[in-house]
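Structure, as structure tokens:
Numbering (the numbering used here), first residue to last: 28 to 129.
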């Protein structure tokens, strides 16, 4: 017998908020470095529980690859967070606030 617990709802983004996210990322890193048309993924995100009832967007910031071209997905034993992207991530949030306030 399998007891499956559906704890997290699907993560559903909204086009208007996604456009704002794409604009903020593009303002930060420039045209051609942001994929606003990435294919949809099936999955959920626990942080989306906090946004229930509100519209939102979801972004993924690239972690880069190892010198040999390999990479490991998050939530795996070999994942190694790239500390060099911390300033880029912080800069994205500043750009998002500027986009929303302009």
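We put the beta carbon where it would ideally sit given N, CA and C, even for glycine.
Please read these numbers as outputs of a predicted model, since none were measured by experiment.
With a cutoff of 9 Å on beta-carbon distance, residue 70 and residue 46 are scored as not near each other.
Here the stretch 68-85 does not lie against the stretch 105-120, with fewer than 3 beta-carbon pairs under 8 Å apart. Taking the CA atoms as reference points, residue 90 sits about 19 Å from residue 54.
Excluding five sequence positions before and after residue 38, the CB atoms of its chain that fall closer than 8 Å to its own CB belong to 70, 71, 72, 75 and 85, given in chain order. A straight line joining the alpha-carbon of residue 103 with that of residue 58 spans about 31 Å.
By the criterion of a C-beta distance shorter than 8 Å, residue 83 is surrounded in its chain by 40, 41, 44 and 75, once the five residues flanking it on both sides are discounted.
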